[in-house]
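**Student:** Sharing a structure below in structure tokens format, with a few things to ask.
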Amino acid sequence: MTRENTARHWIDGEWADSPRVSESVDPATGEVIGTYTEADTEVGRAAIDAAARAFGEGSWRLDPMVRATALSHLADAYDQRMGEVVDTLCRENGKLRREAGFEAHFISRALRFAAGLALQPHGRVTDTHPGRQAMSIRQAVGVAGIVVPWNSPAYLCIRALAPALAAGCTAVVKMPGQAARTAALMSDILASVPELPRGAVNVVIESGSDVARLLVESPQVPVISFTGSTATGRLVAQAAAARFKRVGLELGGKTPHLVFADADMSAAVATAVQSSTVFAGQFCMTGSRLLVQREIADEFTAALARRLESVRPGPASDPASEIGPLIDKASVARVDAAVEAAIAAGAKPIVRGGPSTRPELAGGAFYHPTLLSVPDSSLPIVQEETFGPVQTVQVFDTEEEAVALANDTEYGLSACVWSRDADRPVRVARLLDAGLISVNSWANLTVEFEEGGFKSSGVGRLGGLASVEDFLEYKQITQDYVPHGG
Numbered sequence: 006m007t008r009e010n011t012a013r014h015w016i017d018g019e020w021a022d023s024p025r026v027s028e029s030v031d032p033a034t035g036e037v038i039g040t041y042t043e044a045d046t047e048v049g050r051a052a053i054d055a056a057a058r059a060f061g062e063g064s065w066r067l068d069p070m071v072r073a074t075a076l077s078h079l080a081d082a083y084d085q086r087m088g089e090v091v092d093t094l095c096r097e098n099g100k101l102r103r104e105a106g107f108e109a110h111f112i113s114r115a116l117r118f119a120a121g122l123a124l125q126p127h128g129r130v131t132d133t134h135p136g137r138q139a140m141s142i143r144q145a146v147g148v149a150g151i152v153v154p155w156n157s158p159a160y161l162c163i164r165a166l167a168p169a170l171a172a173g174c175t176a177v178v179k180m181p182g183q184a185a186r187t188a189a190l191m192s193d194i195l196a197s198v199p200e201l202p203r204g205a206v207n208v209v210i211e212s213g214s215d216v217a218r219l220l221v222e223s224p225q226v227p228v229i230s231f232t233g234s235t236a237t238g239r240l241v242a243q244a245a246a247a248r249f250k251r252v253g254l255e256l257g258g259k260t261p262h263l264v265f266a267d268a269d270m271s272a273a274v275a276t277a278v279q280s281s282t283v284f285a286g287q288f289c290m291t292g293s294r295l296l297v298q299r300e301i302a303d304e305f306t307a308a309l310a311r312r313l314e315s316v317r318p319g320p321a322s323d324p325a326s327e328i329g330p331l332i333d334k335a336s337v338a339r340v341d342a343a344v345e346a347a348i349a350a351g352a353k354p355i356v357r358g359g360p361s362t363r364p365e366l367a368g369g370a371f372y373h374p375t376l377l378s379v380p381d382s383s384l385p386i387v388q389e390e391t392f393g394p395v396q397t398v399q400v401f402d403t404e405e406e407a408v409a410l411a412n413d414t415e416y417g418l419s420a421c422v423w424s425r426d427a428d429r430p431v432r433v434a435r436l437l438d439a440g441l442i443s444v445n446s447w448a449n450l451t452v453e454f455e456e457g458g459f460k461s462s463g464v465g466r467l468g469g470l471a472s473v474e475d476f477l478e479y480k481q482i483t484q485d486y487v488p489h490g491g
């Protein structure tokens, strides 16, 4: 591979190398599509030092208008290169083109919303006594360490970076090796925005965890934003507690569809299929649990099974593809092992998909959708995030039972309620332990409102007005402004 096809780090406004080089692989074909430099702790320290200098020495943290302008111009820069973002996600991430477009369209929207937040720090002032005023101002915390997952890297990076920059923080972004080409493209776009000071955003690429661990442990990085698995999130929180760091965590999910007897059957079935196959089920909000009222359970399950059996796997280059690959063949083996364990434990296969045996897909990491009927909620396939196109079905009789089943998990990221009753969706939504409830739909994310999880799905919120909270510190200032007599 040529140097031009090697993705590198972006540190202190310059491209940076490191000794170890790894390969980028197209998950749809298994072909090597480039190389990237692997960050080590030396690279991580350089990135942290650059971010700390940019925060301490410049006026970035002090000038909200410059920050708002930079974020707006960054949105313009992304808009101009959105086709490249989509192409990169298709080739490196395995997403189908419509899925990559769905991810990418959130980017400029999040940046423009954050540009508005930069001008609204929401401080307060009041007279607490004649001749005395008190004010509460909000200041940027400092360097933000942002750890990005591989499954939606283009948007999930910006989702955390945009509010961090709006608050006045500088950042070190740790991108995963599976998204090295997305990281390089992002760095090139960042470099095109003159209002972003040198060192304000530093991007490092790492398939391991040395730099991520350095960010969590460094005294120069007071806030961590992590998106990833619940198991890793626990380790991040425990390590960050040693320095009492701010930690924002969006972790795993086990999204249920609560399908009541009065639901729009065709819409619910179509969306249930989509919720399992988008990103090949590699999504924290994958609709992996189907809870169906007994009166329609047989009809719904049969209709869903027919649709899942007909889903066509394939690469983004084929317009007829309906589900893309998993990120690698190791993930195929992991997902299939979980399904086999569930069947051995009592789950009944309604649709037994599994690793694709189609000759034309042999080089890729394709997995056909799977649907299992489970006897109760205790099975690991119900309780644990599968991160693949696997769904389970359970039957309920009453509204109260549906809510209890939905809440019977450690996760609480999202849920879906299907009913044409005027009052039931709101009534049920208020009882569900989840941060996002979609009514007669699925994963209806809105950038302008808060997103995050209950329970083991994380802490903190991204999106909406609350997205800057982790990156801002409160400071109270009081002043006696009337001279005292001698």
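Read in order, the letters of the sequence shown correspond to residues 6 to 491 in the numbering used here. Beta carbons: idealized from backbone N, C-alpha and C, even for Gly.
Do three or more CB pairs link the region 147-157 to the region 223-238 at distances below 8 Å?
**Tutor:** yes
**Student:** Should residue 312 and residue 262 be called a contact, given that it needs their Cβ atoms to be closer than 8 Å?
**Tutor:** Cβ atoms of residue 312 and residue 262: not closer than 8 Å.
**Student:** Along the chain, where does the alpha helix (DSSP H) that runs through residue 168 open and close?
**Tutor:** 158-172
**Student:** Could you check what DSSP says for residue 2 in three-state terms: helix, strand or coil?
**Tutor:** The structure shown has nothing for residue 2, since the chain only spans 6 to 491.
**Student:** Return the bridge partner residues of residue 423 from the DSSP annotation.
**Tutor:** 264
**Student:** Have a look at 385, 64, 119 and flag the residue whose alpha-carbon is nearest the alpha-carbon of residue 454.
**Tutor:** 119
**Student:** Just the Cα atoms here: how many angstroms apart are residue 341 and residue 449?
**Tutor:** 29 Å
**Student:** Since residue 35 contacts residue 10 with CB under 8 Å, what's their CB separation in whole angstroms?
**Tutor:** Between residue 10 and residue 35 the Cβ distance is about 17 Å, and since that is not below 8 Å, they are no contact.
**Student:** What residue range does the alpha helix (DSSP H) around residue 251 cover?
**Tutor:** No alpha helix (DSSP H) contains residue 251, which is instead part of the beta strand (DSSP E) from 251-255.
**Student:** What are the partner residues of residue 134, as DSSP defines its beta bridges?
**Tutor:** Per DSSP, 137.
**Student:** When you compare the region 468-478 with the region 296-307, are there three or more beta-carbon pairs, one atom per stretch, that lie closer than 8 Å?
**Tutor:** Proximity of the region 468-478 to the region 296-307 falls short of the contact definition, fewer than three beta-carbon pairs being nearer than 8 Å.
**Student:** Consult DSSP for residue 475 and reduce its assignment to one of helix, strand or coil.
**Tutor:** DSSP places residue 475 in helix when its eight states are reduced to three.
**Student:** Expressed to the nearest angstrom, what Euclidean distance is found between the alpha-carbon atoms of residue 221 and residue 47?
**Tutor:** 15 Å
**Student:** Touch check for the region 74-81 and the region 163-182: three-plus C-beta pairs under 8 Å?
**Tutor:** yes
**Student:** Report yes if the CB atom of residue 424 is closer than 8 Å to the CB atom of residue 265, and no otherwise.
**Tutor:** yes
**Student:** Helix or strand or just coil, what does DSSP make of residue 57?
**Tutor:** The answer is helix: DSSP assigns residue 57 an H, G or I state.
**Student:** Let's see if you can read the secondary structure: which residues bound the beta strand (DSSP E) around residue 38?
**Tutor:** Counting along the chain, residue 38 sits inside the beta strand (DSSP E) bounded by residues 37-42.
**Student:** Output yes or no for whether 8 Å exceeds the beta carbon distance between residue 99 and residue 328.
**Tutor:** no
**Student:** Can you find the residues in the same chain that come closer than 7 Å, C-beta to C-beta, to residue 469, ignoring five residues on each side of it along the sequence?
**Tutor:** 453, 454, 455
**Student:** Considering only DSSP beta bridges, list what residue 443 is partnered with.
**Tutor:** 421
**Student:** For residue 7, which of helix, strand or coil comes out of DSSP?
**Tutor:** Because the pLDDT at residue 7 is just 43, under 50, the model does not fix this residue reliably, and the value given afterwards should be weighed accordingly. It is coil, neither helix nor strand.
**Student:** Between which two residues does the alpha helix (DSSP H) harbouring residue 16 extend?
**Tutor:** From DSSP, residue 16 is part of no alpha helix (DSSP H) but of the beta strand (DSSP E) over 14-16.
**Student:** Comparing C-alpha positions only, which one of 397, 358, 379 sits nearest to residue 372?
**Tutor:** 358
**Student:** Quick one: what's got a C-beta closer than 6 Å to residue 484's C-beta in the same chain, skipping five residues either side?
**Tutor:** Excluding residues up to 5 positions away in sequence, 138 lie with their Cβ nearer than 6 Å to the Cβ of residue 484 in the same chain.
**Student:** Identify every residue that forms a DSSP beta bridge with residue 372.
**Tutor:** Looking at the DSSP output, residue 372 shares a beta bridge with 360.
**Student:** Determine the extent of the beta strand (DSSP E) in which residue 198 is found, giving its start and end residues.
**Tutor:** Counting along the chain, residue 198 falls outside any beta strand (DSSP E), and DSSP gives it neither H nor E.
**Student:** Where do the N-terminal and C-terminal ends of the beta strand (DSSP E) with residue 398 fall, by residue?
**Tutor:** 395-401
**Student:** Please confirm whether residue 256 and residue 407 have their CB atoms less than 8 Å apart.
**Tutor:** Result no, Cβ atoms of residue 256 and residue 407 do not sit closer than 8 Å.
**Student:** Would you call residue 250 buried or exposed, if buried means 16 or more other Cβ atoms sit within 10 Å of its Cβ?
**Tutor:** buried
**Student:** With respect to the alpha helix (DSSP H) encompassing residue 114, which residues constitute its N-terminal and C-terminal limits?
**Tutor:** 102-123
**Student:** Distance check for residue 440 and residue 191, CA to CA, integer angstroms please.
**Tutor:** Those two C-alpha atoms are separated by around 29 Å.
**Student:** Nearest by alpha-carbon distance to residue 436: which of 426, 445, 451, 420 is it?
**Tutor:** 420
**Student:** Is the distance from the Cβ of residue 195 to the Cβ of residue 206 below 8 Å?
**Tutor:** yes
**Student:** Could you round the C-beta distance between residue 386 and residue 397 to whole angstroms and report it? I think they count as a contact, below 8 Å.
**Tutor:** 6 Å
**Student:** Going along the chain, which residues of its own chain have a beta-carbon closer than 8 Å to the beta-carbon of residue 478, five neighbours each way excluded?
**Tutor:** 143, 144, 145, 146
**Student:** Quick check on this structure: which residue in 200, 203, 237 has the alpha carbon closest to the alpha carbon of residue 214?
**Tutor:** 237
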